[in-house]
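Peer 1: Structure in structure tokens, see below.
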């Protein structure tokens, strides 16, 4: 598919086309775990209008708010996918955010830093650091957005699903120095065709290489294989995957679900025989709507109640 490359300061301009409000930085001062670089953020616009962002320098949140009479106090922060190389900001970001607002959920699209040795002293922790800061910030500003601070969820697609599942299993020791005691544990997880495992048999090789480099240690592989990090404190989880996914094997979701069962973590999983990878809001091979299944799950857990 043809694409036009353009450099955009802070990546804000193309997002405004889809935004209910302008993106804002998740850090009020210096961005932690960052180093000066001449590298600038890039955005491409696909022929179908899709937006792909890479070389993220300034991590941001973009809020999509439901109508006041529908708002129920639940929030979901969305982590788009892209193999830890780029971010699919529309089909795995703004499009899904708009669908969530129809459920009365306040949605935030997170433009997180992608692992890059030019931009970060420790590229392995930069995405997680941003996800944790996003959770912290939304929870701190809950009153401003009319949110219940105990109903802050995290959603991730593909590599964004790896980030979300990492945040859902690595929250006990937040990344970086902070004196803030705000919890960075998401209250619920929604994982769409997620990269879960970095083991040789299940890993999406590109995502693992981007985050950990070409020769990760066994300890790193274990730490970031999130099916091995599930505990009874892992948040309730909703998973969606297609059996014919040739990019991220469906067993990534299955293994995470099995780990949830072993640790008595409430989990619901929807598997489709077809759909491949990266279908975003709609799987074109079925009339079934996973977003409706998600709405039922949220409702059953009282997250859609005012």
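Residue numbers (mature numbering (1 follows the signal peptide of the UniProt record, and there is no 0)): -21 to -1, 1 to 285.
Just so you know, even glycine gets a beta-carbon here, dropped at the ideal spot from N, CA and C.
Just so you know, these numbers come straight off a predicted model, no measurement behind them.
How would you label residue 39, buried or exposed, when you count the other beta carbons within 10 angstroms and need 16 or more for buried?
Peer 2: buried
Peer 1: Label residue 35 either buried or exposed according to how many other C-beta atoms from any shown protein chain fall within 10 Å of its C-beta, with 16 as the threshold for buried.
Peer 2: Buried, since its Cβ has 16 or more Cβ neighbours within 10 Å.
Peer 1: Is it true that the CB of residue 127 sits closer than 8 Å to the CB of residue 173?
Peer 2: no
Peer 1: Just reading off the alpha helix (DSSP H) that residue 80 is part of, what are its end residues?
Peer 2: Unbroken alpha helix (DSSP H) run through residue 80: 74 to 80.
Peer 1: If we ignore side chains and look at the alpha-carbon of each, how far apart do residue 91 and residue 106 end up?
Peer 2: 6 Å
Peer 1: Could you check which residue in 31, 256, 29 and 86 has the C-alpha nearest to that of residue 51?
Peer 2: 86
Peer 1: For residue 142 and residue 193, I'd like the C-alpha separation in whole angstroms.
Peer 2: 19 Å
Peer 1: Between residue 110 and residue 137, what straight-line distance do the alpha-carbon atoms span, to the nearest angstrom?
Peer 2: Their Cα atoms are separated by approximately 15 Å.
Peer 1: Among all the DSSP beta bridges, which residues are the ones paired with residue 286?
Peer 2: Nothing in the structure corresponds to residue 286, since the chain is present only between -21 and 285.
Peer 1: Between the segment 180 to 190 and the segment 114 to 130, are three or more C-beta pairs nearer than 8 Å?
Peer 2: The segment 180 to 190, when compared against the segment 114 to 130, does not touch it at the 8 Å Cβ threshold.
Peer 1: Could you pull out every residue in the same chain whose Cβ sits closer than 7 Å to the Cβ of residue -2, ignoring the five residues on either side in sequence?
Peer 2: 42, 43 and 44
Peer 1: My output table needs one value for residue 249: the three-state DSSP class, helix, strand or coil.
Peer 2: strand
Peer 1: Any contact of the segment 73 to 89 with the segment 148 to 166, i.e. 3+ C-beta pairs under 8 Å?
Peer 2: no
Peer 1: May I ask you to verify whether the segment 216 to 223 touches the segment 244 to 262, counting CB pairs closer than 8 Å and requiring at least 3?
Peer 2: yes
Peer 1: Using a 10 Å radius around the Cβ and a threshold of 16 neighbouring Cβ atoms, would you call residue 55 buried or exposed?
Peer 2: buried
Peer 1: Whole angstroms is fine: what's the gap from residue 175's alpha carbon to residue 144's?
Peer 2: Whole-angstrom Cα-Cα distance: 7 Å.
Peer 1: Count the other CB atoms within 10 Å of the CB of residue 164; is the residue buried (16 or more) or exposed (fewer)?
Peer 2: buried
Peer 1: Give the DSSP-derived three-state secondary structure of residue 186 in the structure shown.
Peer 2: helix
Peer 1: Exposed or buried, which one is residue 283 when buried takes at least 16 other CB atoms within 10 Å?
Peer 2: buried
Peer 1: Find the nearest neighbour of residue 289 within the set 37, 59, 48 and 8, judged by alpha-carbon distance.
Peer 2: No answer is possible for residue 289: the residues shown for the chain start at -21 and end at 285.
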